[in-house]
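Read through the structure below, which is laid out as structure tokens, and then see the notes.
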Amino acid sequence: IFFSCIECFSSVNFFLSLYRFQACVYFASVFQAMSCGIHYLASVFMAVTPNFVCGIPGNVSSVLFYNSSESSIEDIWTLWTSTENYIVVRLENGEIWELNQCSRSKREVSLDLAYEYKGNKSIFSCSDGFLYDDTKWKSTVVTQWDLVCDREWLAKLIQPTFMLGVLIGAVIFGDIADRLGRQRVIWFTSAGQFVFGIAVAFTFDYYSFVIVRFLLAMVSSGYLVVAFVYVTEFVGIKARTWASMHVHAFFAVGIMIVALVGFLVRTWWVYQIFLSIATLPFVLCCWMLPETPFWLLSEERYEDAQKVINIMARWNKVSTPCKVSELCSVQQDDLVSGRMGDNDTSSAKKHNILDLFCNWHIARRTITVWLIWFTGSLGYYVFSLSSVSLGGNEYLNLFLIGAVELPCYVIACIGMDKLGRRNTLIPFLILSALICVLIMFIPQDFNILIVLANMAGKFSIGVAFGLIYLYTAELYPTIVRSLAVGSGSMMCRAGSVVAPFCVYLRSVWIFMPLLLVGIMALLSGILTIMLPETLGKPLTNTLAEATEMGRSKKSCSGKTPPAHSGAALEKIEMFCQETVSTEK
Numbered sequence: 087i088f089f090s091c092i093e094c095f096s097s098v099n100f101f102l103s104l105y106r107f108q109a110c111v112y113f114a115s116v117f118q119a120m121s122c123g124i125h126y127l128a129s130v131f132m133a134v135t136p137n138f139v140c141g142i143p144g145n146v147s148s149v150l151f152y153n154s155s156e157s158s159i160e161d162i163w164t165l166w167t168s169t170e171n172y173i174v175v176r177l178e179n180g181e182i183w184e185l186n187q188c189s190r191s192k193r194e195v196s197l198d199l200a201y202e203y204k205g206n207k208s209i210f211s212c213s214d215g216f217l218y219d220d221t222k223w224k225s226t227v228v229t230q231w232d233l234v235c236d237r238e239w240l241a242k243l244i245q246p247t248f249m250l251g252v253l254i255g256a257v258i259f260g261d262i263a264d265r266l267g268r269q270r271v272i273w274f275t276s277a278g279q280f281v282f283g284i285a286v287a288f289t290f291d292y293y294s295f296v297i298v299r300f301l302l303a304m305v306s307s308g309y310l311v312v313a314f315v316y317v318t319e320f321v322g323i324k325a326r327t328w329a330s331m332h333v334h335a336f337f338a339v340g341i342m343i344v345a346l347v348g349f350l351v352r353t354w355w356v357y358q359i360f361l362s363i364a365t366l367p368f369v370l371c372c373w374m375l376p377e378t379p380f381w382l383l384s385e386e387r388y389e390d391a392q393k394v395i396n397i398m399a400r401w402n403k404v405s406t407p408c409k410v411s412e413l414c415s416v417q418q419d420d421l422v423s424g425r426m427g428d429n430d431t432s433s434a435k436k437h438n439i440l441d442l443f444c445n446w447h448i449a450r451r452t453i454t455v456w457l458i459w460f461t462g463s464l465g466y467y468v469f470s471l472s473s474v475s476l477g478g479n480e481y482l483n484l485f486l487i488g489a490v491e492l493p494c495y496v497i498a499c500i501g502m503d504k505l506g507r508r509n510t511l512i513p514f515l516i517l518s519a520l521i522c523v524l525i526m527f528i529p530q531d532f533n534i535l536i537v538l539a540n541m542a543g544k545f546s547i548g549v550a551f552g553l554i555y556l557y558t559a560e561l562y563p564t565i566v567r568s569l570a571v572g573s574g575s576m577m578c579r580a581g582s583v584v585a586p587f588c589v590y591l592r593s594v595w596i597f598m599p600l601l602l603v604g605i606m607a608l609l610s611g612i613l614t615i616m617l618p619e620t621l622g623k624p625l626t627n628t629l630a631e632a633t634e635m636g637r638s639k640k641s642c643s644g645k646t647p648p649a650h651s652g653a654a655l656e657k658i659e660m661f662c663q664e665t666v667s668t669e670k
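Under the numbering used here, the sequence shown has 626 at position 540, and the numbering climbs by one with no breaks.
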């Protein structure tokens, strides 16, 4: 009911020019979403592993690398081409050592300084630490704590543990926002992103670094979850699809900022500080954001809700704002009629995840939807995280991978409204699979073509990833809709946790991540053919209606919500809220 009043204040055509309050709230809220994109992808440069060899137990007098002789090891890095290479050094005491990445050997006969040696050697561990190539990065977390060789697995856990924090934070703060309000969670998570972001730069060892990053992931994820709900509770129904979809666009801008700051700052802790202060202006002014009237009404705080509505009216120059007292009287009437005509209300809370497998049609739908969620997240982060390993300029690569998202969400919105949800989802899933195969046949020295193909892959998977939010909610009835979206979101986060490990499979075969994403995308696209189209169809309320929608194209075509049923309108608005209460 409340959203009918919100619609008086906003529409998609005049959102910016006429309704200043919603515009200010929207752009202030989604501005902070950039910090989520920043922290999600910050590790691509912060945890990079440069070229390295074992440390040496003395002062170097000369260095030999193949036929090149230099006076210091720093001059050799420009010639380094493979991890199988080694460096020969002569110490001031006359000893000759061969320096590999994870071991070093002392030549028993120290006569001539030659690269090839067939004599006896004594092999030692890297007890004197490591020497790193600092031509690109002066310092990373890998060089800070020697996360190489037998400690390499610790470096590979940095991104997965962050994504695990994303998963847990979304669950925790999503629930807290429903209990304590959106405003308080936005305050806390915004401040938390700044505080924990700065704290990461001053951690004293690897374990404190991972713990603080885990907390940073929780508050970043929590903000993004609540921001979706917050902005959509302030915009009108017509603008909601575009408004919620373009929260993702600001996330993509955050990825572009990571590339820019990474190019300018080459010391990891300074890099982290610059990334954390990028959204400081929002932290300083976020306390001015009001609580949403929708949540205030749900908590029966009618006076506070009326104050916010009056402020909206003044900003938007509306002379006759909505009266909460009138809304409450209408709501009470709808509750009475709803209790007389709908006996499912008391049992709605008894549904569990097994209801998503209540029959073969719904079970097949659930498996397909979960697979799409998982594939979308996996492909999104595989393309993003692997962009710095494509060759050429890694900073430009990441910038372009983020920039290509901006038009893909526009295409997703247009496709959903014009072609339908399924008819947009299928071609882009299959297209992403074909692009993954195409990349495998591009010669590795064609860097520009490889980058463009990866941008196309990120574009196609981005369209599918953005579309599945709304499509999932429309495929399920009211009684399990929130459960379906929530379970899909969990599969999405599972994909984000798996994605870093998938990228690490490049060490096994350079195309292994693309092969896995391509297979998953192709399988998802084929299974999506069996899903029903939901464009223009009314929402279903029962599992029987949802099952019938999948069996016949014409089913449900005549089943529309009662025109004057307040309970039905409330369900529709709850659906609109639920479709955006998930997170990337």
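Ideal Cβ placement from N, Cα and C applies to all residues, glycine included.
Inset, instruction - Would you check whether the ligand SAM has a heavy atom nearer than 7 Å to the C-beta of phenylalanine 107? - result: For the ligand SAM, the structure offers nothing, since it holds no ligand at all.
Legend entry - Cβ neighbour criterion (16 or more within 10 Å) applied to valine 594: For this step, residue 594 is matched to residue 508 along the sequence shown. With fewer than 16 other Cβ atoms within 10 Å, it is exposed.
Inset, instruction - Identify the continuous alpha helix (DSSP H) that holds leucine 217 and give its terminal residues. - result: In the sequence shown, residue 217 corresponds to position 131, counting from 1. Looking at the DSSP string, leucine 217 is not in any alpha helix (DSSP H); the run it does join, the beta strand (DSSP E), is 216-218.
Legend entry - Pair within 8 Å by beta-carbon distance, glycine 251 and alanine 303: Here residue 251 is taken as the residue at index 165 of the sequence shown, counted from 1. Here residue 303 is taken as the residue at index 217 of the sequence shown, counted from 1. Taking 8 Å as the Cβ cut-off, glycine 251 and alanine 303 qualify as a contacting pair.
Legend entry - alpha helix (DSSP H) segment containing phenylalanine 131, residue limits: The residue you call residue 131 lines up with position 45 of the sequence shown. Its alpha helix (DSSP H) spans residues 129-132.
Legend entry - Backbone CA spacing between glutamine 358 and tryptophan 239 [nearest angstrom]: The count along the sequence shown starts at 1 and reaches residue 358 at position 272. The count along the sequence shown starts at 1 and reaches residue 239 at position 153. Taking the straight line from one Cα to the other gives about 22 Å.
Inset, instruction - Examine the Cβ distances between the stretch 261-280 and the stretch 363-372 and report whether three or more of them are shorter than 8 Å. - result: yes
Legend entry - Buried/exposed call for phenylalanine 107, threshold 16 Cβ in 10 Å: Position 21 of the sequence shown, counting from 1, holds the residue named residue 107. Counting Cβ neighbours within 10 Å, phenylalanine 107 comes out buried, since at least 16 surround it.
Legend entry - Secondary structure of tryptophan 183, DSSP reduced to three states: The residue you call residue 183 lines up with position 97 of the sequence shown. Strand, per DSSP.
Legend entry - Paired residues, beta bridge with cysteine 444 - DSSP: The count along the sequence shown starts at 1 and reaches residue 444 at position 358. Bridge partners of cysteine 444: none, in fact.
Inset, instruction - Within the same chain, show all residues whose beta-carbon is closer than 6 Å to that of arginine 425, passing over the 5 residues directly before and after it, in chain order. - result: As a working mapping, residue 425 is identified with position 339 in the sequence shown. Because the pLDDT of arginine 425 is 45, which lies under 50, any placement of that residue in the model is unreliable, and the number read from its coordinates should be weighed accordingly. Cβ within range, chain order: n/a, list empty.
Legend entry - Check whether leucine 464 and alanine 570 have beta carbons under 8 Å apart: Here residue 464 refers to the residue found at position 378 of the sequence shown. Here residue 570 refers to the residue found at position 484 of the sequence shown. No, the Cβ-Cβ distance between leucine 464 and alanine 570 is not below 8 Å.
Inset, instruction - Return the bridge partner residues of valine 146 from the DSSP annotation. - result: Counted from its first residue, the sequence shown places residue 146 at position 60. In DSSP, valine 146 forms a bridge with Leu177.
Legend entry - Whether asparagine 179 touches glycine 144 by CB criterion (8 Å): To locate residue 179, count along the sequence shown from 1; it is residue 93. To locate residue 144, count along the sequence shown from 1; it is residue 58. Contact: yes.
Legend entry - With 16 other Cβ atoms within 10 Å as the buried cut-off, status of methionine 249: Looking up residue 249 in the sequence shown gives position 163. Flag for methionine 249 reads buried.
Legend entry - Spatially closest choice to phenylalanine 545 from Pro563, Phe290, Cys522, by CA coordinates: Within the sequence shown, numbered from 1, the residue matching residue 545 stands at position 459. Checking every option, the nearest Cα to that of phenylalanine 545 belongs to Cys522.
Legend entry - Nonlocal neighbours in the same chain, by C-beta distance under 6 Å from glutamate 619, ignoring five residues either side: Along the sequence shown, one-based indexing puts residue 619 at 533. Same-chain partners within the cutoff: Gly506, Arg508.
Inset, instruction - Please determine, among Ile397, Phe551, Glu560, Leu591, the residue with the shortest C-alpha to C-alpha distance to methionine 577. - result: For the purposes of this step, residue 577 is taken as the residue at position 491 of the sequence shown. When each option's Cα is compared against that of methionine 577, the closest is Phe551.
Inset, instruction - Closer than 6 Å by C-beta to threonine 221: which residues in its own chain qualify, once you throw out the five before and the five after it? Chain order, please. - result: Along the sequence shown, read from residue 1 onward, the residue named residue 221 stands at position 135. Only Trp163 meet the Cβ criterion.
Legend entry - Buried/exposed call for glycine 488, threshold 16 Cβ in 10 Å: Residue mapping note: residue 488 aligns to position 402 of the sequence shown, counting from 1. Buried.
Legend entry - Contact set for glycine 427: own chain, Cβ-Cβ below 6 Å, skip 5 residues either direction: Translated into the one-based positions of the sequence shown, residue 427 becomes position 341. Reliability fails at glycine 427, whose pLDDT of 48 lies under 50, so the model's placement of it is uncertain and the value that follows must be treated cautiously. Correct list: empty, nothing qualifies.
Inset, instruction - On a CA-only basis, which of Cys372, Ser147, Leu233 is nearest phenylalanine 138? Give me that one, please. - result: What you label residue 138 is simply residue 52 of the sequence shown in a count that begins at 1. Phenylalanine 138 has its Cα closest to that of Leu233, out of Cys372, Ser147, Leu233.
Inset, instruction - Provide the residue span of the alpha helix (DSSP H) that contains glutamate 672, from first to last. - result: It is not possible to answer for residue 672, since the shown part of the chain is limited to 87 through 670.
Legend entry - Beta bridge counterpart(s) of arginine 190 as assigned by DSSP: Translated into positions along the sequence shown, residue 190 becomes position 104. Per DSSP, Leu185, Phe210.
Inset, instruction - Label glutamate 480 either buried or exposed according to how many other C-beta atoms from any shown protein chain fall within 10 Å of its C-beta, with 16 as the threshold for buried. - result: Translated into positions along the sequence shown, residue 480 becomes position 394. It is buried - the Cβ of glutamate 480 has at least 16 other Cβ atoms within 10 Å.
Inset, instruction - Look at serine 191 and serine 208 and say whether their C-beta atoms are less than 8 Å apart. - result: Counted from its first residue, the sequence shown places residue 191 at position 105. Counted from its first residue, the sequence shown places residue 208 at position 122. Their beta carbons are under 8 Å apart, which means serine 191 touches serine 208 by this criterion.
Legend entry - Nearest neighbour of proline 586, chosen from Asp503, Ala287, Tyr203, Lys242 [CA to CA]: As a first step, residue 586 is located in the sequence shown; it is residue number 500 there, counting from the start. Residue Lys242 is the option with its Cα nearest to proline 586.
Inset, instruction - May I ask which residues mark the beginning and end of the beta strand (DSSP E) holding cysteine 522? - result: Sequence index remark: in the sequence shown, residue 522 carries index 436 (1-based). Note, cysteine 522: premise wrong, no beta strand (DSSP E); alpha helix (DSSP H) at 507-526.
Inset, instruction - Write down the C-beta distance between asparagine 627 and proline 563 rounded to the nearest angstrom, noting that I regard them as a contact closer than 8 Å. - result: Numbered from its first residue, the sequence shown carries residue 627 at position 541. Numbered from its first residue, the sequence shown carries residue 563 at position 477. Sure, about 5 Å apart at Cβ, within 8 Å.
Inset, instruction - For isoleucine 615, collect the residues of the same chain with a Cβ closer than 7 Å to its Cβ; drop the 5 residues on either side in sequence, then sort them by chain order. - result: Within the sequence shown, numbered from 1, the residue matching residue 615 stands at position 529. The residues are Ile512.
Inset, instruction - Use the C-beta contact count for threonine 167: other C-beta atoms within 10 angstroms, 16 or more gives buried, fewer gives exposed. - result: The residue you call residue 167 lines up with position 81 of the sequence shown. Exposed, by the Cβ-count rule.
Legend entry - DSSP bridge partner residues for serine 353 (one or two, in chain order): Numbered from its first residue, the sequence shown carries residue 353 at position 267. In the sequence under discussion, the amino acid at residue 353 is threonine, which differs from the serine named in the question. DSSP output for threonine 353 lists Ser225 as bridge partner(s).
Legend entry - Given isoleucine 534 as reference, the closest of Lys504, Gly477, Ile244, Cys494 once Cα atoms are compared: Counted from its first residue, the sequence shown places residue 534 at position 448. It is Gly477 whose Cα lies nearest to the Cα of isoleucine 534.
Inset, instruction - Within the same chain, show all residues whose beta-carbon is closer than 6 Å to that of serine 225, passing over the 5 residues directly before and after it, in chain order. - result: In the sequence shown, residue 225 corresponds to position 139, counting from 1. Hits under 6 Å: Thr353, Trp354.
Legend entry - Beta carbon of isoleucine 453 nearer than 8 Å to that of serine 610: By one-based count along the sequence shown, residue 453 stands at place 367. By one-based count along the sequence shown, residue 610 stands at place 524. For isoleucine 453 and serine 610, no; Cβs fall outside 8 Å.
Legend entry - Integer-rounded CB distance, given that phenylalanine 320 should sit under 8 Å from threonine 378: Your numbering for residue 378 matches position 292 in the sequence shown. Your numbering for residue 320 matches position 234 in the sequence shown. That pair is a contact at about 6 Å.
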